Ligand SMILES: [Mn+2]
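In this note's numbering, the protein residues as written are 647 to 982.
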């Protein structure tokens, strides 16, 4: 069925070549390496194929993605541009997400698109449709973009994947597989990475920018988070809370928390880790990481969130973080 949907998407894009249509690309808010890498790659592939495409985003792009080729093509979203964008948009393409609720301030624009397509690898219970390619067996949306671009190359008999696109897709895949170490990594992942390496991707530099490059602020924040992590249910659950004040006092920003929830899960005996972060509006963002004994995706969905079996997230209304921790630990206890 996914095969048919891929064909359908390729046929649709091939038909847009040289047409007055404009495709708007929608990676999810809280952009990550897969979302930005996949979206920029898709933008370049579409433009190379003679299809008008735009990547408008409504948050600040984290500095660590500044090295990506084409990052300057991302247009900042502004409300006063809405009427013109609305008039121009003929297709909204969601990438690395499948619901308009993940598109932040761009949601209104997304919802008003005459046609919607989806390319995603997150488990979803949403509607199904011919232009919704959702493949949870893909380690990253980047894998799906690779397969789509290859097929579009064959259909149009034109080269679309160059060195820059290869760097972007490698970034997407390396991000979502934790540099090829997460359990989502498959033979397909390596097969695609192998093809990408034929474009002379500087993998050391990509990994350095994504994972190893750090700062005094980040080390400081990490130290505080580790020190204040609490353990519950005989050490099976680890919970860390990060207030706006901690971010401010350490000079760190939210992207400096990337990977921390996973580190907490690595503590011997911990089956589930929760990283609770206070947002600017007082709401809470919760990152969940788990071992095989706990389905993070199902747990997150039960509270309005989503994600993968071992890595998921959800959002809570404003409340004290300790109260949220108690509430979530009690719920996790019911699930364990
Ligand atoms: Mn992804």
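Glycine residues also receive a C-beta, built at the ideal position from the N, C-alpha and C atoms. Just so you know, these numbers come straight off a predicted model, no measurement behind them.
Problem - Distance, residue 941 Cα to residue 918 Cα - result: Those two C-alpha atoms are separated by around 9 Å.
Practice task
Would you grab the beta carbon distance between residue 809 and residue 846 for me? Rounded to a whole angstrom, and I think it's under 8 Å.
Solution key: For a cut-off of 8 Å, the C-beta gap from residue 809 to residue 846 is around 6 Å, short enough to register as a contact.
Exercise for the section: Quick one: grab the DSSP three-state call for residue 743. Expected result: Secondary structure of residue 743 (DSSP, three-state): coil.
Exercise for the section: List the whole-angstrom C-beta distance separating residue 683 from residue 814, where the pair is believed to meet the contact cut-off of C-beta under 8 Å. Expected result: Correct: roughly 5 Å between the Cβ atoms.
Exercise for the section: Name the two residues that bound the continuous beta strand (DSSP E) containing residue 959. Expected result: Looking at the DSSP string, the run of the beta strand (DSSP E) that includes residue 959 is 957–962.
Problem - beta-carbon residue 680 near ligand 1 non-hydrogen atom, thresh 6 Å - result: Remark: the C-beta of residue 680 is in contact range of ligand 1, defined as less than 6 Å to any heavy atom.
Exercise for the section: Out of 774, 905, 833, point me to the one whose CA is closest to residue 864's CA. Expected result: Answer by Cα proximity: 905.
Practice task
May I ask you to check if the CB of residue 867 is nearer than 6 Å to at least one heavy atom of ligand 2?
Solution key: Although ligand 2 was asked about, the structure shown includes only ligand 1 as ligands.
Practice task
Mark residue 805 as exposed unless 16 or more other C-beta atoms lie within 10 angstroms of its C-beta, in which case mark it buried.
Solution key: With fewer than 16 Cβ atoms within 10 Å of its Cβ, residue 805 is classed as exposed.
Problem - C-alpha gap between residue 812 and residue 655, whole angstroms - result: Straight through space, the alpha carbons of residue 655 and residue 812 are spaced by roughly 21 Å.
Practice task
Would you mind working out which of 922, 794, 678, 677 sits nearest residue 884, comparing C-alpha positions?
Solution key: The shortest CA-to-CA distance from residue 884 to any of 922, 794, 678, 677 is the one to 922.
Practice task
Using 6 Å as the cut-off, classify the Cβ of residue 787 as near or not near the heavy atoms of ligand 1, replying yes or no.
Solution key: Yes, since a heavy atom of ligand 1 falls inside the 6 Å radius drawn around the Cβ of residue 787.
Problem - Any non-hydrogen atom of ligand 1 within 6 Å of residue 629 CB - result: With the chain running from 647 to 982 in the structure shown, residue 629 is simply not present.
Practice task
Kindly give me the distance between the Cβ atoms of residue 856 and residue 820, rounded to whole angstroms, as I take these residues to be in contact under 8 Å.
Solution key: With a Cβ gap of about 6 Å, residue 856 and residue 820 count as contacting.
Problem - Between the CA atoms of residue 698 and residue 934 - distance to the nearest angstrom - result: Cα to Cα, residue 934 sits roughly 38 Å from residue 698.
Problem - Every unbroken alpha helix (DSSP H) inside the region 873–912 [4 residues or more] - result: Here the runs fully enclosed are 890–896, 906–911.
Handout entry: Cβ neighbour criterion (16 or more within 10 Å) applied to residue 783
Key = So residue 783 counts as exposed.
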